[in-house]
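Written below as structure tokens is the structure these notes are about.
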Amino acid sequence: MSENIFTELYNKILGLFGQAAPKEDSKDVAVNRLRVVLMQDRTNLTPELLQRMRKELIELLSKYVEMDKEALELNFEQEGEQMALMLSIPVVRAKDEEEIEAAIKAEEEAKAAAEDSNSDDDDELDDDLDDEEDDDFDDDDLEDEEVEDSENDSEEVIEEQVDPVEEEKPENKKDKE
Amino acid sequence: MSGRVIVITSGKGGVGKTTTNANIGTALARAGKKVVMIDTDLGLRNLDLLLGLENRIVYTIVDVVEERCKLKQALVKDKRNPNLCLLAAAQTRDKTAVSEEQLKEICDKLKEKFDFVLVDCPAGIEQGFQNAVAGATEAIVVTTPEMSAVRDADRIIGLLEAKEEIKSYKLLLNRYRSNMAASKDMMSKDDVVEILSAELIGIIPEDTGIITSTNKGEPVVNDENSPAGRAYRNVAERIMGNDVPFIDFEEEAKVSTKIKKFFSKFLKKGKEN
Chain Y
-12 MSENIFTELY
-2 NKILGLFGQA
8 APKEDSKDVA
18 VNRLRVVLMQ
28 DRTNLTPELL
38 QRMRKELIEL
48 LSKYVEMDKE
58 ALELNFEQEG
68 EQMALMLSIP
78 VVRAKDEEEI
88 EAAIKAEEEA
98 KAAAEDSNSD
108 DDDELDDDLD
118 DEEDDDFDDD
128 DLEDEEVEDS
138 ENDSEEVIEE
148 QVDPVEEEKP
158 ENKKDKE
Chain P
10 MSGRVIVITS
20 GKGGVGKTTT
30 NANIGTALAR
40 AGKKVVMIDT
50 DLGLRNLDLL
60 LGLENRIVYT
70 IVDVVEERCK
80 LKQALVKDKR
90 NPNLCLLAAA
100 QTRDKTAVSE
110 EQLKEICDKL
120 KEKFDFVLVD
130 CPAGIEQGFQ
140 NAVAGATEAI
150 VVTTPEMSAV
160 RDADRIIGLL
170 EAKEEIKSYK
180 LLLNRYRSNM
190 AASKDMMSKD
200 DVVEILSAEL
210 IGIIPEDTGI
220 ITSTNKGEPV
230 VNDENSPAGR
240 AYRNVAERIM
250 GNDVPFIDFE
260 EEAKVSTKIK
270 KFFSKFLKKG
280 KEN
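Those protein sequences? They're chains Y and P, same order as listed.
Residue -12 is where the first sequence starts when you use the numbering used here, and the numbers rise one by one after that.
Residue 10 is where the second sequence starts when you use the numbering used here, and the numbers rise one by one after that.
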């Protein structure tokens, strides 16, 4: 919030000297919005699949950092010719080594257990993984920890681009925040 | 003779498919080609109105399919141009009355007798679209420089690309307001072409003449002074393989505003003196 006030003020002062930040033409807004919408249309990713992807990413990253899950943003963006999937995660707290190791160990154990029970039934592997997600994810111990610590306001933002081809452009991120 | 079967489609409704069909058909017929137009928008037929033929329809495409008449009997000749025919849609039936195979069969029969078979496609991407596309080998995708129309055009292009029978498709940008594009208040032709990465076959300027010509049931291509009519005649030329340069409406708009500004300054000075 306070940042917005400052940028507004900054623009106003600039405006006094006749150098206001260049006004974006409405057709540029249309072109940019269309590009994002078309990228989503063309990926065949339904909202359910995006939701699932988001959930899986949270699950994966929660092993290493503690994040504000509500504020996690997952968006498609256009960077030149390339389409990029932008993931923005406000980090609440870095995890210490023991926590990370424990999380990895717990995951490996769960995986081994799943493999044992499915070793003779490959066809149902996918379904079983789905179930496992639904059962385990919400009451995961990682999640509980985070709820407790969520008041911690020393937030630091990690931005990760899932698209491996693209390079990160820090200016874009700042705009978004 | 084996004519070309071109489907005119858009996804979104109200962008000017039927108007485009009537005008391209009329322009091709004026150029001496034998043209038949098929209205496949069963239950919502309109092509007859744009051509002023609504009172001459006896049989429709459904009558042909259900063998109440011969195909030839159902073709309505245009008032002015004997090269131009219409196969009307049935107004009382729905999209299920004609199947993909039946439409393809009709197209195949007609292309033996005509140079061009233009298929007017209903809005949407459901069965009506699938039917209309079934007999065609080329497509013209009509869009306007608005977000919703461009998005739907993108969807249609995706569906056309998946169809083996469609060998090529071109984009027709309708209702173009060059003054708004010049002032960047509307997407320009370059923006639309870049977003859809499709080849343009024409740009039709927004023209009030379209409304008055529709009122009279007379396609605007017959009006020598209409900007949209001129643009549609150019589209017909390009369909026939002639390389006609695109009219630069932006430049024309800029020039005309410059002239206006010049005169208004002149007038002001005159008043002051």
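Quick reminder that beta carbons are idealized off the backbone N, C-alpha and C, glycines included.
Nothing here was measured: the structure is a model prediction, and the numbers come from that model.
Practice task
Taking P/Lys198 as part of the alpha helix (DSSP H), name the residues at either end of that continuous run.
Solution key: In this chain, the alpha helix (DSSP H) harbouring P/Lys198 covers 198 to 205.
Exercise for the section: Mind reading off the beta-carbon distance from P/Ala240 to P/Pro214? Whole number of angstroms is fine, and I expect it under 8 Å. Expected result: Going by Cβ atoms, the distance from P/Ala240 to P/Pro214 rounds to 6 Å, so yes, they are a contact pair.
Practice task
For Y/Met26, collect the residues of the same chain with a Cβ closer than 6 Å to its Cβ; drop the 5 residues on either side in sequence, then sort them by chain order.
Solution key: Contacts found: Phe63, Met70.
Practice task
Taking Y/Leu32 as the query, report the chain P residues whose CB atoms sit under 7 Å from its CB, ordered along the chain.
Solution key: Chain P residues near Y/Leu32: none, gap ~15 Å exceeds 7 Å.
Handout entry: Chain-ordered neighbours of P/Ile163 on chain Y, where CB pairs are closer than 8 Å
Key = The question names Ile, yet the displayed sequence has Asp at residue 163 of chain P. For P/Asp163, the chain Y residues whose C-beta falls within less than 8 Å of its own C-beta are Leu25, Asp28, Arg29, listed in chain order.
Exercise for the section: Kindly indicate the opening and closing residues of the beta strand (DSSP E) around P/Phe125. Expected result: Under the DSSP assignment, P/Phe125 falls in the beta strand (DSSP E) whose first and last residues are 125 to 129.
Handout entry: Straight-line gap, Y/Thr33 to P/Lys79 (C-alpha atoms, nearest Å)
Key = Here the alpha carbon of Y/Thr33 sits roughly 47 Å from the alpha carbon of P/Lys79.
Problem - Interface flag, P/Asp194 vs chain Y, CB-CB below 7 Å - result: It does: the Cβ of P/Asp194 has a partner Cβ on chain Y nearer than 7 Å.
Handout entry: DSSP beta-bridge partners of Y/Asn62
Key = Note: Y/Asn62 sits in a beta bridge opposite Y/Met73.
Exercise for the section: Within the region 65 to 91 of chain P, note down every full beta strand (DSSP E) run reaching 3 residues or more, in order along the chain. Expected result: Fully contained in the region 65 to 91 of chain P are the following beta strand (DSSP E) runs of length 3 or more, in chain order: 84 to 86.
Practice task
Would you identify the three-state DSSP class for Y/Ile(-8), choosing helix, strand or coil?
Solution key: Look at Y/Ile(-8) here: in three-state DSSP terms it is helix.
Practice task
Ignore the nearest five residues each way along the sequence and tell me which others in P/Val253's own chain have a CB closer than 8 Å to its CB.
Solution key: Around P/Val253: Asn243, Glu246, Arg247.
Problem - Whole-angstrom distance between P/Ile175 and P/Arg186, CA atom to CA atom - result: So the two alpha carbons sit approximately 30 Å from each other.
Handout entry: Y/Met54 - DSSP class collapsed to helix/strand/coil
Key = Here Y/Met54 sits in strand by DSSP.
Problem - Proximal residues to P/Ile47 (C-beta, below 6 Å), its chain only, five neighbours per side dropped - result: Excluding positions up to five away in sequence, the list reads Leu96, Val128.
Exercise for the section: Assuming P/Leu209 and P/Leu180 form a contact by the criterion Cβ under 8 Å, report the distance between their Cβ atoms to the nearest whole angstrom. Expected result: Between P/Leu180 and P/Leu209 the Cβ distance is about 5 Å, and since that is below 8 Å, they are a contact.
Handout entry: Inter-residue Cα distance where the pair is P/Val71 and P/Ala191
Key = It is roughly 47 Å from the alpha-carbon of P/Val71 to the alpha-carbon of P/Ala191.
Problem - Residues near Y/Leu116 by beta carbon distance below 8 Å, same chain, minus five either side - result: Caution is warranted here: a pLDDT of 46 is assigned to Y/Leu116, below 50, making its placement in the model unreliable, and no coordinate value can be reported.
Problem - Amino acids of chain P, ordered along the chain, whose beta-carbon sits closer than 9 Å to that of Y/Leu21 - result: Under the 9 Å cutoff, chain P gives Met156, Val159, Arg160, Asp163, Met196, Asp200, Ile204.
Problem - Cβ pair count under 8 Å reaching 3, the region 105 to 119 of chain P against the region 142 to 158 of chain P - result: Output reads yes: the region 142 to 158 of chain P touches the region 105 to 119 of chain P.
Exercise for the section: Going by CA-CA distance only, name the one from Y/Arg20, Y/Asp103, Y/Val78 that's closest to Y/Tyr51. Expected result: Measuring C-alpha to C-alpha distances from Y/Tyr51 to each of Y/Arg20, Y/Asp103, Y/Val78 identifies Y/Val78 as the nearest.
Exercise for the section: Alpha carbon to alpha carbon, how far is P/Leu56 from P/Lys42? Give it in angstroms, no decimals. Expected result: Roughly 19 Å between the two C-alpha positions.
Practice task
State the beta-bridge partners of P/Cys94 as determined by DSSP.
Solution key: According to DSSP, P/Cys94 shares a beta bridge with P/Val45, P/Lys86.
Handout entry: Cα-Cα separation between P/Tyr68 and P/Leu58, rounded to whole angstroms
Key = In a straight line, the C-alpha of P/Tyr68 is about 16 Å away from that of P/Leu58.
Handout entry: Assigned secondary structure, P/Thr152 (DSSP; H/G/I helix, E/B strand, else coil)
Key = Here P/Thr152 sits in strand by DSSP.
Exercise for the section: Measuring only between beta-carbons, confirm whether Y/Ala71 sits less than 7 Å from chain P. Expected result: No, Y/Ala71 lies away from the interface with chain P (no Cβ there is under 7 Å from its Cβ).
Exercise for the section: For P/Ser11, collect the residues of the same chain with a Cβ closer than 8 Å to its Cβ; drop the 5 residues on either side in sequence, then sort them by chain order. Expected result: Closer than 8 Å at the Cβ level, and outside the excluded window around P/Ser11, lie Lys120, Glu121.
Exercise for the section: State yes or no: is the C-beta of P/Asp161 within less than 7 Å of the C-beta of P/Leu205? Expected result: Using a Cβ distance threshold of 7 Å, P/Asp161 and P/Leu205 do not count as a contacting pair.
Handout entry: Cβ-Cβ separation, P/Val85 to P/Arg102 (assumed contact under 8 Å), whole Å
Key = Separation of the CB atoms of P/Arg102 and P/Val85 is rounded to 18 Å, and the pair is thereby denied contact status at 8 Å.
Problem - P/Cys130 vs P/Val230 beta-carbon contact at 7 Å - result: Inclusion of P/Cys130 and P/Val230 in the CB contact set at 7 Å is not warranted, their separation being larger than that value.
Problem - Inside the region 187 to 248 of chain P only - alpha helix (DSSP H) runs reaching at least 4 residues - result: For the alpha helix (DSSP H) assignment, the uninterrupted runs of no fewer than 4 residues enclosed by the region 187 to 248 of chain P are, from N- to C-terminal side, 187 to 191, 198 to 205, 218 to 225, 236 to 248.
Problem - Residue interval of the beta strand (DSSP E) (run including P/Asn183) - result: Residues 177 to 185.
Exercise for the section: Look at the alpha carbon of Y/Arg29 and the alpha carbon of Y/Arg22, and state the distance between them as a whole number of angstroms. Expected result: As the crow flies, the alpha-carbon of Y/Arg29 is around 10 Å from that of Y/Arg22.
Exercise for the section: Just the C-alpha distance for P/Ala36 and P/Thr223, rounded to the nearest angstrom, thanks. Expected result: Using only the alpha carbons, I get a separation of about 16 Å.
Handout entry: Cutoff 7 Å: Y/Ser141 Cβ touching any chain P Cβ
Key = Residue placement at Y/Ser141 is flagged as unreliable, the pLDDT there being 45, under the threshold of 50; a coordinate-derived value is accordingly withheld.
Practice task
Would you check if the distance between the CB atom of P/Lys104 and the CB atom of P/Gly137 is smaller than 7 Å?
Solution key: The answer is yes: Cβ separation under 7 Å.
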